[in-house]
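First residue of the sequence shown? That's 1 in this note's numbering, and the numbers climb one at a time after it. Built from N, CA and C at the ideal position, the CB exists for glycine as well. Down below is the structure, laid out as structure tokens.
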Amino acid sequence: MPPTAEILRPDAPGLARATAVLTGGGRVAFPTETVYGLGADARQGQAVAGIFAAKDRPRFNPLIVHVETVAAARNLVEWSGAADILAQAFWPGPLTLVLPVRPGGGLSELVTAGLPSLAVRVPAHPVARALLGAFGGPVAAPSANPSGRISPTTAAHVLAGLDGRVEAVMDGGACDVGVESTIVGLTGAPVLLRPGGLPAEAVEAALGHPLTRRAATAPLDAPGQMASHYAPGATLRLDATTRQPGELLLGFGATDCDLNLSDTGDLTEAAANLFGHLHTLDRRGAARIAVAPVPQNGLGLAINDRLQRAAAPRPRADSEV
Ligand code: TXA
Ligand code: MG
1 MPPTAEILRP DAPGLARATA VLTGGGRVAF PTETVYGLGA DARQGQAVAG IFAAKDRPRF
61 NPLIVHVETV AAARNLVEWS GAADILAQAF WPGPLTLVLP VRPGGGLSEL VTAGLPSLAV
121 RVPAHPVARA LLGAFGGPVA APSANPSGRI SPTTAAHVLA GLDGRVEAVM DGGACDVGVE
181 STIVGLTGAP VLLRPGGLPA EAVEAALGHP LTRRAATAPL DAPGQMASHY APGATLRLDA
241 TTRQPGELLL GFGATDCDLN LSDTGDLTEA AANLFGHLHT LDRRGAARIA VAPVPQNGLG
301 LAINDRLQRA AAPRPRADSE V
């Protein structure tokens, strides 16, 4: 069946159409270097509400606002010295900063879900940058997947999860980084709220001191950080070294497996392949996916975080996050 959503090329007519959809209060999925986002005008309450509806996302889970420049970010939040260091070092790029929201910034209150802080990010992907530049305003965008499911790293993944719930999809090919942005909270002492596409070690090196790491059992500072998230249809068994009957094995490094995150053991390549490979194995109809151990350093932190959430017991449908 042909998709219901308009598929837009990242050229001038495509950007003009995407901008018109956003201006009209609609939703446009677009590529970032991390994963595809489901974007809407962050200043229009109805448009932002449309994101929550499309994803079946609980209202209390706030969204990341995407802007084209550091200057635009500074208009939305109370800036700080630490923010300046990290923005200089890593923007545009796979880093989201959480800072106190600046009153009068014009954002819909739905974006922050009533929190006094705002998550903001300047993405590096040329198509995301072109769209933000053409639109000229803040774009609220969670990952473009139904709530609680695997994030999309291609336009086809977006359509598989959200067709019929998104007006347009800009096709910019596969995402380079493949896992979501690293989220650093700067409303107090800098804290790692979500490991992601920028290694925590790089953030710590720029700041000159370690980040506070939010314990897995701590209250939900990043409300989306619920145990079960990023779930494929199949169940997952982690740290698997062999395949058990009925399992497909997702490998890492030189190993006999059904699909390999990186046969050379490269964590950057593994991050880029993670969600796509889970989508692929899921489509093969596996009841269970066994996953080889992935080292817990650099991008391995984000990869293991997503794998653990994908493997966690599922909440009931009505408590889905
Ligand atoms: O790479 C990414 O970050 C992608 C692309 C599209 O930019 N976006 C993304 O958004 O992953 P989403 O909505 O799937 O995840 C955003 C996370 C959620 O866990 C949310 O709870 C957290 O950011 N968050 C948003 N605003 C926050 C705030 N004010 N304080 C703490 N956490 C916040
Ligand atoms: Mg998400």
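#### Entry: Counted within 10 angstroms of its Cβ, other Cβ atoms place A16 as buried (16 or more) or exposed
Classification for A16: exposed.
### Task
Within the same chain, show all residues whose beta-carbon is closer than 6 Å to that of A216, passing over the 5 residues directly before and after it, in chain order.
Since pLDDT at A216 reaches only 47, below the 50 mark, its modelled position is unreliable, and the value read off the structure follows with that caveat. Once the five neighbours on either side are set aside, A216 has no close Cβ partner at all.
### Message
Taking the straight line between their C-alpha atoms, what separation do you get for A82 and K55?
### Response
Taking the straight line joining both Cα atoms gives about 33 Å.
### Query
Given a threshold of 16 other Cβ atoms within 10 Å of its Cβ, counted over all protein chains shown, does R213 qualify as buried or as exposed?
Exposed: under 16 other Cβ atoms inside 10 Å.
### Query
Quick one: does the C-beta of T241 sit closer than 8 Å to a heavy atom of the ligand TXA?
No, Cβ of T241 sits at least 8 Å from all heavy atoms of the ligand TXA.
### Task
Report yes if the C-beta of H279 is less than 8 Å from at least one heavy atom of the ligand TXA; otherwise report no.
Because no heavy atom of the ligand TXA lies under 8 Å away, the Cβ of H279 does not count as near it: no.
### Query
Between the region 25 to 32 and the region 95 to 114, are three or more C-beta pairs nearer than 8 Å?
In short, these stretches do not touch, since the Cβ pair count stays below three.
#### Entry: Straight-line gap, I85 to Q308 (C-alpha atoms, nearest Å)
C-alpha separation (whole angstroms): 31 Å.
### Query
In three-state DSSP terms, what is G133?
G133: helix per DSSP, three-state reduction.
### Residue span of the alpha helix (DSSP H) that contains P13, given as start and end
That run of the alpha helix (DSSP H) goes 12 to 23.
### Per-residue burial, R283 [other beta carbons within 10 Å of its own, 16 or more giving buried]
Classification for R283: exposed.
### Message
Give me, in chain order, the residues of the same chain whose beta-carbon lies closer than 7 Å to that of T334; leave out the 5 immediate sequence neighbours on both sides.
### Response
Residue coverage of the chain in this structure runs from 1 to 321, which leaves residue 334 outside it and unanswerable.
### Query
Quick one: what does DSSP say P323 is sitting in, helix, strand or coil?
Any property of residue 323 remains undetermined from this structure, which presents the chain solely from 1 to 321.
### Task
Jot down the residue ranges of each uninterrupted alpha helix (DSSP H) in the region 169 to 225, minimum 4 residues, whole runs only, in chain order.
For the region 169 to 225, whole alpha helix (DSSP H) runs of length 4 or above, ordered along the chain, are 200 to 207.
### Query
Is it the case that the CB of G196 approaches a heavy atom of the ligand TXA more closely than 8 Å?
Within the cutoff, so yes.
### Query
Would G133 be called buried (16 or more neighbouring beta carbons within 10 Å of its own) or exposed?
With a 10 Å radius around the Cβ and a threshold of 16 neighbouring Cβ atoms, G133 comes out exposed.
### Start-to-end residues for the beta strand (DSSP E) that takes in L249
In the DSSP assignment, L249 falls within the beta strand (DSSP E) that extends over 247 to 251.
### Of the listed residues L259, A124, P138, L99, nearest to S108 (C-alpha basis)
S108 has its Cα closest to that of P138, out of L259, A124, P138, L99.
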